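Protein chains in written order, with the working numbering: chain V, 1 to 538; chain X, 539 to 836.
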């Protein structure tokens, strides 16, 4: 490549105190954005398998009617813990890990703005999840009232209840600190020439996500603290017999919960907006519209929360408001899907693993969007609500949505991170197995829900047996296929062939102007205008 | 030795695979694949809801055909391996961007109108002939026919309850209406507008009979309302379940509704009244139950 920054260029600066420390100090005292990013990603991967194992228990119990493996209470613990682990332990840390790795490289900065805060925000997580997972071994077991923690049911929890609440407090603190770091880095550390409206969409989507996190995590913290005082200090925020209101919890929870849904998916939009142009060999279509659509989705996410609770009995005007605002979300989301499609239009497409995952995202996330539109129609929602139709809907947006986008991102940037190519054939296998099994797993759940199967039940009447068995087989296939991912990464790091700095033929952006692997401190000098111009999106 | 072990494991694994494959094929052959869609139901509202469901579904199918069509066309037509050259100037077009913003808005307006109309119908509680109060408990339902002096609990039928225990060894397929049968079914007259008042005693439950279309939460301290009018000719038994997670036996508090002709319903009601009067005189628990149940606010 014509111009490459490497660690050697700046050896005289870096030699003494800027290289990685050795042994455990490198990780425990880590302040380097790449080391912290790696720890986040490994943590997310571990939690993905922990949460996945819980899903396997759920699907094994539901393989056929009758109870074969676990008691109903433990089953409810599994559904609750599966959600908490996957949302707070797998998807969110994976996004933060990707943000840590990519944002400094993409905006031309040497590191994140607040490296010690960065260390703190990561190291909170292992403690939070130790606390959460330890609830499995205490009297009364893990929380079993669903991840939404609706009172009065959640207040019936045993010793695990306060532990789970403290764990949620810790996760929230970690997210807020991580978000502050992202905002400060993007606002203050962009190299001269990297404007807000020409930085990569991954940075944009993360900037907006960070604001959502800062705005909503305190709301969740407040809600669960009120649960705690209701349980231990005789307050009656949510207890009808003491003059409180159990429905108020749902309003507060979903005021956090709906933006949370977009916290899980907006960074995915960012990644897809990076990958589709690269493998279409064409700049992203409608960059400005993409930014505004992301911002519009973020704004709308604050005024749609009650669509999660249409069945609590709201006034007609409230139902109309929330159905209309929810339908509105499909406009900016539609703009995004159309823009990605237009990016492929008249492109020159190739189908490497990142692009395959991105394409599966496009098709399957759109299916999740359709069922979302159906759920917005309140009268129909009275039938869909709390059935497997809802389970199918949110798994379509979260698994082939968020999770596939994370996989796409990992396969896209792994050669950049490690400096080595991975086994493309094996990764293609990983893709096809995942893409096929994810549909075998979740598509039949639409049928189950429409046929009348409620969610969160450990056993069901025999009319639902066939599709449950198909879904469970899909789940086992999907779970086993995921074991390929750590194997592919391990193989790549151990024995991959060297990668070039641009890695992909169509890659554009500042991260590709650095060597593979990049120097320990990404951009120790501002990238030149010429380099920025080469990498600019439009 | 390890080789031998491995072989044994492999053989057992293969056997298990064949058995499960065979079970799967057998179940495919006997499966009732007809139940893929929402039921049209038997009440005025359930048919209204089914209509809305199908309308929005067809809109989604139509949009899907167009969007997926363009995507698939692009994937086939613009492949690098087929020599496609990228047109890197195609990055923006105000015209198409306006088009693909305005058309979805028009579709949404087209959907919003029938949705609002349906909602207004659903919320119309006027002219009800019968009020039934439904109270959710962990894990059973209580039905009270307001001003009729009839109230009773409805719990999971005993044979289902035996079969559903962990390791019961009873095949659910041998139990009639497994998990969907109760000791005392709710009885309502066909062709009559009935209002259900939903509340709960401990945690939140949700009362749902798919054939009636409506589902609503039963919340402690709240009284929610829904109305149901079953078609006059749809006499029969309809089944549903609690739809809001309410603890360990959430999956085991079914709802069974017997819809009778008005004449048969009156006969049933008179018998039930006589029976309850007798029971009320001899048992003090009925009085206690009245005292703890919160009064219905209307």
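Ideal Cβ positions, reconstructed from N, Cα and C, are used throughout, including at glycine.
Note that the coordinates shown come from a computational prediction; the quantities given were computed from them, not determined experimentally.
Can you name, in chain order, every residue of its own chain whose Cβ lies under 7 Å from the Cβ of residue 695 of chain X, other than the five neighbours on each side?
The residue given as residue 695 of chain X occupies position 157 in the second chain. Once the five neighbours on either side are set aside, the close Cβ partners of residue 695 of chain X are 719, 720, 721.
If you compare alpha carbons, which of V:232, V:262, V:108, V:182 is closest to residue 551 of chain V?
Residue numbering for chain V in the displayed model covers 1 to 538; residue 551 of chain V lies beyond these limits and cannot be assessed.
Could you tell me the distance, in whole angstroms, from the CA atom of residue 581 of chain X to the CA atom of residue 598 of chain X?
Taking the second chain and counting its residues from 1, one reaches residue 581 of chain X at position 43. Taking the second chain and counting its residues from 1, one reaches residue 598 of chain X at position 60. Taking the straight line joining both Cα atoms gives about 26 Å.
Only counting the same chain, and skipping five residues up and downstream in sequence, which positions put a Cβ closer than 8 Å to that of residue 470 of chain V?
Here the question's residue 470 of chain V lines up with position 470 in the first chain. Only 440, 444 meet the Cβ criterion.
What are the complete alpha helix (DSSP H) segments, minimum 4 residues, inside the region 320-403 of chain V?
You should have 353-376, 378-384, 388-397.
When the Cα of residue 401 of chain V is compared with those of V:51, V:368, V:343, V:132, which residue comes out closest?
Translated into positions along the first chain, residue 401 of chain V becomes position 401. It is V:368 whose Cα lies nearest to the Cα of residue 401 of chain V.
So the beta strand (DSSP E) residue 779 of chain X belongs to, where does it begin and stop?
On the second chain, residue 779 of chain X is found 241 positions in, with the first residue counted as 1. Residue 779 of chain X -> beta strand (DSSP E) spans 774-779.
Can you have a look at residue 779 of chain X and say buried or exposed, based on whether 16 or more other CB atoms are within 10 angstroms of its CB?
By 1-based counting over the second chain, the position of residue 779 of chain X is 241. That one is buried.
I need the straight-line Cα distance from residue 351 of chain V to residue 623 of chain X, nearest angstrom please.
The count along the first chain starts at 1 and reaches residue 351 of chain V at position 351. The count along the second chain starts at 1 and reaches residue 623 of chain X at position 85. Whole-angstrom Cα-Cα distance: 15 Å.
Tell me which residue opens and which closes the beta strand (DSSP E) that residue 743 of chain X is part of.
On the second chain, residue 743 of chain X is found 205 positions in, with the first residue counted as 1. 743-746 is the span of the beta strand (DSSP E), which, as asked, contains residue 743 of chain X.
Where does residue 692 of chain X sit, in a helix, a strand or coil, going by DSSP?
Residue mapping note: residue 692 of chain X aligns to position 154 of the second chain, counting from 1. Strand, per DSSP.
Comparing C-alpha positions only, which one of V:28, V:453, V:301 sits nearest to residue 788 of chain X?
The count along the second chain starts at 1 and reaches residue 788 of chain X at position 250. Closest option to residue 788 of chain X, Cα to Cα, is V:453.
On the DSSP bridge assignment, give the partners of residue 674 of chain X in chain order.
Reading the second chain from its first residue, position 136 is the one you call residue 674 of chain X. Partner(s): X:679, X:738.
Quick one: Cα of residue 563 of chain V to Cα of residue 524 of chain V, how far?
Since the first and last residues shown for chain V are 1 and 538, residue 563 of chain V lies out of range.
Are residue 776 of chain X and residue 734 of chain X closer than 9 Å when you measure CB to CB?
As a first step, residue 776 of chain X must be located in the second chain, where it is residue number 238. As a first step, residue 734 of chain X must be located in the second chain, where it is residue number 196. For residue 776 of chain X and residue 734 of chain X, no; Cβs fall outside 9 Å.
Starting from residue 337 of chain V, find everything on chain X with Cβ-Cβ shorter than 7 Å and list it in chain order.
As a first step, residue 337 of chain V is located in the first chain; it is residue number 337 there, counting from the start. Here the neighbours are 605.
Return the residues of the region 51-74 of chain V that lie within a Cβ-Cβ distance of less than 7 Å from chain X, sorted by chain order.
Within the region 51-74 of chain V, the residues whose Cβ lies closer than 7 Å to some Cβ of chain X are 65, 66, 67, 71, 72, 73, listed in chain order.
So is residue 798 of chain X in contact with chain V if we call contact Cβ pairs under 9 Å?
Counted from its first residue, the second chain places residue 798 of chain X at position 260. So no, residue 798 of chain X is outside the interface.
What's the gap between the Cα of residue 47 of chain V and the Cα of residue 478 of chain V?
Your numbering for residue 47 of chain V matches position 47 in the first chain. Your numbering for residue 478 of chain V matches position 478 in the first chain. Distance between the alpha carbons of residue 47 of chain V and residue 478 of chain V is about 16 Å.
For a cutoff of 9 Å on Cβ pairs, would you count residue 445 of chain V as touching chain X?
Taking the first chain and counting its residues from 1, the one referred to as residue 445 of chain V is at position 445. Answer no: the Cβ-Cβ gap between residue 445 of chain V and chain X never drops below 9 Å.
Going by DSSP, what residue range makes up the beta strand (DSSP E) through residue 793 of chain X?
Position 255 of the second chain, counted from the first residue, corresponds to residue 793 of chain X. Run containing residue 793 of chain X: 792-798, per the beta strand (DSSP E) assignment.
Chain X partners of residue 76 of chain V, CB-CB under 9 Å?
Counting from one through the first chain, the residue named residue 76 of chain V turns up at place 76. 783, 785, 786, 788, listed in chain order.
For the region 58-71 of chain V against the region 117-131 of chain V, are there 3 or more C-beta pairs whose distance is under 8 Å?
Counting Cβ pairs under 8 Å, fewer than three are found: no touch.
Rounded to whole angstroms, what's the CA-CA distance from residue 198 of chain V to residue 590 of chain X? Just pull it up for me.
Residue mapping note: residue 198 of chain V aligns to position 198 of the first chain, counting from 1. Residue mapping note: residue 590 of chain X aligns to position 52 of the second chain, counting from 1. Distance between the alpha carbons of residue 198 of chain V and residue 590 of chain X is about 43 Å.
Kindly say whether residue 569 of chain X, judged by its beta-carbon, lies nearer than 9 Å to any beta-carbon of chain V.
If you number the second chain from 1, residue 569 of chain X lands on position 31. Only weak support exists for where residue 569 of chain X lies, its pLDDT of 47 falling under 50; the coordinates are left without a value.
Leaving out the 5 sequence neighbours to the left and right, which residues in its chain are closer than 6 Å to residue 327 of chain V when beta-carbon positions are compared?
Along the first chain, one-based indexing puts residue 327 of chain V at 327. Counting only Cβ-Cβ distances below 6 Å, and skipping sequence neighbours, we find 376.
If you draw a straight line from the alpha carbon of residue 672 of chain X to that of residue 682 of chain X, how long is it in whole angstroms?
The count along the second chain starts at 1 and reaches residue 672 of chain X at position 134. The count along the second chain starts at 1 and reaches residue 682 of chain X at position 144. C-alpha separation (whole angstroms): 7 Å.
Name the DSSP bridge partner or partners of residue 544 of chain V?
A question about residue 544 of chain V goes unanswered here, because the residues of chain V that appear run from 1 up to 538.
Would you identify the three-state DSSP class for residue 532 of chain V, choosing helix, strand or coil?
Counting from 1 along the first chain, the entry for residue 532 of chain V is found at position 532. Helix at residue 532 of chain V.
Can you give me the C-alpha to C-alpha distance between residue 408 of chain V and residue 481 of chain V, rounded to a whole angstrom?
Numbered from 1 along the first chain, position 408 holds the residue referred to as residue 408 of chain V. Numbered from 1 along the first chain, position 481 holds the residue referred to as residue 481 of chain V. Cα to Cα, the separation comes out at about 15 Å.
Taking a cut of 8 Å between CB atoms, which residues from the region 750-769 of chain X lie near chain V?
Flagged, chain order: 751, 752, 753, 754, 755, 757, 758, 759, 760, 762, 763.
Does residue 24 of chain V pass the burial test, meaning 16 or more other C-beta atoms within 10 Å, or should it be called exposed?
In the first chain, the residue the question calls residue 24 of chain V occupies position 24. Residue 24 of chain V comes out exposed.
Would you identify the three-state DSSP class for residue 754 of chain X, choosing helix, strand or coil?
For this step, residue 754 of chain X is matched to residue 216 along the second chain. In this structure, residue 754 of chain X counts as strand in the three-state DSSP scheme.
Going by other Cβ atoms of all chains shown within 10 Å of its Cβ, with 16 needed for buried, is residue 662 of chain X buried or exposed?
Translated into positions along the second chain, residue 662 of chain X becomes position 124. With fewer than 16 Cβ atoms within 10 Å of its Cβ, residue 662 of chain X is classed as exposed.
Is any beta-carbon of chain X found at less than 9 Å from that of residue 424 of chain V?
One-based indexing of the first chain puts residue 424 of chain V at position 424. It does not; no Cβ of chain X falls within 9 Å.
Among the residues of its own chain, which have a CB less than 6 Å from the CB of residue 329 of chain V, if the five just before and after it don't count?
As a working mapping, residue 329 of chain V is identified with position 329 in the first chain. Cβ within range, chain order: 300.
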